[in-house]
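Chemist:
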Amino acid sequence: MTTVAFPSSSTGRGLGRELRPTSKVLPGHARAHNRSMVLQHLFHSGPTSRADLARSTSLTRVTVSDLVSSLLEEGIVEELGTRPAGRVGKPATLVGMRTGDFRIVAVDLADDAWMRGAVLSLTGAVVTRRSVALEGRTGAEALEALEDLCRLLLAAADRPVIGVGIGSPGVIDSLGTVVEAPNRGWYDVPLAMDLTERLGVATHVANDANTAALGEFTFGGAGGSGLLVLTVGQGVGAGIVVDGALVHGHRHAAGEIGHVTVVDDDGAGGPAPTCACGRRGCLETLLSVPALRRRIAGLDRDAADAELAAVGRVLGIALAPVVGALNLSEVLFSGPPELLDGPLRAAALHTIQQRTMAVIGAELQMRMASLGEDVALFGAAVLVLSGQLGVT
240 MTTVAFPSSS TGRGLGRELR PTSKVLPGHA RAHNRSMVLQ HLFHSGPTSR
290 ADLARSTSLT RVTVSDLVSS LLEEGIVEEL GTRPAGRVGK PATLVGMRTG
340 DFRIVAVDLA DDAWMRGAVL SLTGAVVTRR SVALEGRTGA EALEALEDLC
390 RLLLAAADRP VIGVGIGSPG VIDSLGTVVE APNRGWYDVP LAMDLTERLG
440 VATHVANDAN TAALGEFTFG GAGGSGLLVL TVGQGVGAGI VVDGALVHGH
490 RHAAGEIGHV TVVDDDGAGG PAPTCACGRR GCLETLLSVP ALRRRIAGLD
540 RDAADAELAA VGRVLGIALA PVVGALNLSE VLFSGPPELL DGPLRAAALH
590 TIQQRTMAVI GAELQMRMAS LGEDVALFGA AVLVLSGQLG VT
């Protein structure tokens with residue numbers, strides 16, 4: 240395994256930049272910003288000439304030429320010969336990203352039973368996969384299992400690795416510290432920093448629901464005007480993209496809908512179920528994969544569908560204020576389709592449409608994530624593309 244040290248474009252080891260700029264670029268950051276613009280164009284549009292890069296980015300030809308020279312020295316781009324004849328004047332030399340020459344290691348920690356990872360190309364092609372069973376491990380033991388999985392993936396990479404991206408449950412700050420992940424037993428764990436030191440490769444960590452939203456936005460074709468990706472695994476979380484920017488919230492806890500209280504009792508007069516966060520009646524106690532499986536265990540098809548629809552109605556009640564307040568256009572599910580893509584999804588959509596204005600609910604799309612259960616892996620790859628190259 241070979242690692243590559245590219246200049247980092249993020250402000251930290253977490254999700255340190257927006258999908259789209261939301262503030263004025265300061266003079267000291269201009270070069271990094273311009274570098275990102277050039278790489279974004281090459282990543283999304285393919286090989287092009289320096290002159291066309293200048294036109295498409297509105298940068299001067301001198302600036303573009305200087306940036307391309309630096310990127311050639313770093314080995315991120317390459318010259319690909321001249322453009323086929325057809326234009327007047329000297330044929331232009333094309334430059335393109337060396338997307339096939341590097342790899343990304345991506346890890347998804349959302350599942351209740353397995354830590355799943357993959358080696359991917361820069362364009363999102365899966366090269367190989369590895370997984371490690373959790374076997375109930377939490378705290379330090381779960382951290383050791385994660386490190387083992389990362390080492391397995393790094394060893395399996397057939398090209399130099401530019402970084403490791405990890406989608407983790409819980410509240411993750413901009414430096415990649417796990418502030419709070421009750422289901423994993425992690426509190427104030429500097430995960431990105433620790434793994435960067437242990438693995439010897441830049442590691443970027445963000446909330447798994449946020450990485451799922453990044454994956455759908457970058458590789459899945461989801462719109463960025465109003466998107467919510469709901470991840471359902473051992474816990475429940477939401478990644479939200481509004482007007483092209485990921486919503487982080489005051490203390491990086493935006494989207495923690497799994498820990499909103501939705502029931503006051505167990506439906507039979509007893510106390511509501513206790514959540515991993517220590518409170519009772521959280522959405523996670525109904526909607527997580529273990530909770531759903533327990534709910535339908537031993538039931539026939541009709542009875543199971545009725546139970547899933549009941550959970551869907553509770554979910555719709557919880558989501559309606561979010562959809563209405565943010566005027567979302569898409570709600571995508573990431574998790575087991577046999578549990579989510581049926582009566583549960585239909586009941587949730589119907590409930591939201593009943594509880595929001597027609598102008599909001601009538602055109603709302605609610606579907607499974609187009610990238611399937613790999614959505615968080617693709618999003619973890621985006622963490623690396625963004626953090627190391629400035630590409631989203």
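For what it's worth, this note's numbering labels the leading residue of the sequence shown as 240, then goes sequentially. The beta carbon of each residue, even a glycine, is placed where N, CA and C say it ideally should be.
According to DSSP, is P260 part of a helix, a strand, or is it coil?
Modeler: Residue confidence for P260 is low, a pLDDT of 47 falling below 50, so the modelled location carries little weight and cannot support an answer.
Chemist: Rounding to the nearest angstrom, what Cα-Cα distance links G618 and V301 in this structure?
Modeler: The straight-line gap from Cα to Cα measures roughly 34 Å.
Chemist: Between A622 and H443, how many whole angstroms is the CB-CB distance? I'm expecting something under 8 Å.
Modeler: Position check: residue 622 holds Leu in this sequence, whereas Ala was assumed. Rounded, the Cβ-Cβ distance is 4 Å, consistent with contact.
Chemist: Count the other CB atoms within 10 Å of the CB of T457; is the residue buried (16 or more) or exposed (fewer)?
Modeler: Result: buried.
Chemist: Quick check: T416 and V428, are their CB atoms within less than 8 Å of each other?
Modeler: Yes, these two residues count as a Cβ contact at 8 Å.
Chemist: I need the straight-line Cα distance from R259 to A484, nearest angstrom please.
Modeler: For R259, the pLDDT reaches just 49, beneath the cut-off of 50, and the residue's location in the model is therefore unreliable, although a value from the coordinates is still provided. Looking at the two C-alpha atoms, the distance is approximately 6 Å.
Chemist: Where does R606 land, buried or exposed, given buried means 16+ other C-beta within 10 angstroms?
Modeler: The residue is exposed, with fewer than 16 neighbouring Cβ atoms inside 10 Å.
Chemist: For D387, collect the residues of the same chain with a Cβ closer than 7 Å to its Cβ; drop the 5 residues on either side in sequence, then sort them by chain order.
Modeler: Only V371 meet the Cβ criterion.
Chemist: What are the boundary residues of the beta strand (DSSP E) that includes T450?
Modeler: Counting along the chain, T450 falls outside any beta strand (DSSP E), though it belongs to the alpha helix (DSSP H) covering D447 to T457.
Chemist: So, are the CB atoms of R342 and R294 less than 8 Å apart?
Modeler: Not a contact, by the Cβ cut-off of 8 Å.
Chemist: Looking at the C-beta of R552, does it have a partner C-beta in chain C at a distance below 8 Å?
Modeler: The structure shown has no chain C; it contains just one protein chain.
Chemist: Tell me the DSSP secondary structure of F617 in three-state form.
Modeler: If DSSP states are grouped into helix, strand and coil, F617 belongs with the helices.
Chemist: Among A420, A396, L579 and A587, which residue has its Cα nearest to the Cα of G517?
Modeler: When each option's Cα is compared against that of G517, the closest is A420.
Chemist: From I401, E546 and L558, pick the residue whose C-alpha is nearest to that of T338; which is it?
Modeler: Closest option to T338, Cα to Cα, is I401.
Chemist: V561 and L469: beta carbons closer than 8 Å?
Modeler: Result no, Cβ atoms of V561 and L469 do not sit closer than 8 Å.
Chemist: Using 10 angstroms around the beta-carbon of D447, count the other beta-carbons present and answer buried if the total reaches 16, otherwise exposed.
Modeler: Classification for D447: buried.
Chemist: Here's the rule I'm using: 16 or more other beta-carbon atoms within 10 Å means buried, otherwise exposed. How should L438 be labelled?
Modeler: When all chains shown are included, L438 counts as buried.
Chemist: Let me know if S262 comes out buried or exposed under the rule of 16 or more other beta-carbons within 10 Å of its beta-carbon.
Modeler: At S262, the pLDDT of 44 sits below 50, so the modelled position is not reliable; the number obtained from the coordinates is stated separately. S262 should be labelled exposed.
Chemist: Go ahead and pull the three-state DSSP assignment for A637.
Modeler: For residue 637 there is no data in the structure shown, the boundaries of the chain being 240 and 631.
Chemist: Secondary structure at A357, three-state DSSP: helix, strand or coil?
Modeler: The answer is strand: DSSP assigns A357 an E or B state.
Chemist: From R490 to D412, what does the alpha carbon distance come to, in whole angstroms?
Modeler: Their backbone Cα atoms lie some 7 Å apart in a straight line.
Chemist: Measuring straight from C-alpha to C-alpha, what distance separates V614 and V334?
Modeler: Between V614 and V334, the C-alpha separation is close to 30 Å.
Chemist: Is it the case that the Cβ atoms of V630 and S288 are separated by a distance below 8 Å?
Modeler: For V630 and S288, no; Cβs fall outside 8 Å.
Chemist: Heavy atom of the ligand ZN less than 7 Å from the Cβ of L525, yes or no?
Modeler: Among the components of this structure there are no ligands whatsoever, and the ligand ZN is therefore not found.
Chemist: For A557, which option in M432, S568 and T500 has the closest C-alpha, if you only look at C-alpha atoms?
Modeler: Of the candidates M432, S568 and T500, the one whose C-alpha sits nearest the C-alpha of A557 is T500.
Chemist: Examine the Cβ distances between the segment 564-580 and the segment 523-537 and report whether three or more of them are shorter than 8 Å.
Modeler: The answer is yes - the segment 523-537 touches the segment 564-580, with three or more Cβ pairs under 8 Å.
Chemist: Can you grab the Cα-Cα spacing for the pair I315 / P286, in whole Å?
Modeler: Going from the Cα of I315 to the Cα of P286 covers about 13 Å.
Chemist: Looking at the strands, I want to know which residues DSSP matches up with R318.
Modeler: Checking the sequence shown, residue 318 turns out to be Glu, not Arg. BP columns for E318 point to V334.
Chemist: Rounded to a whole number of angstroms, what is the C-alpha to C-alpha distance between V358 and P510?
Modeler: The straight-line gap from Cα to Cα measures roughly 45 Å.
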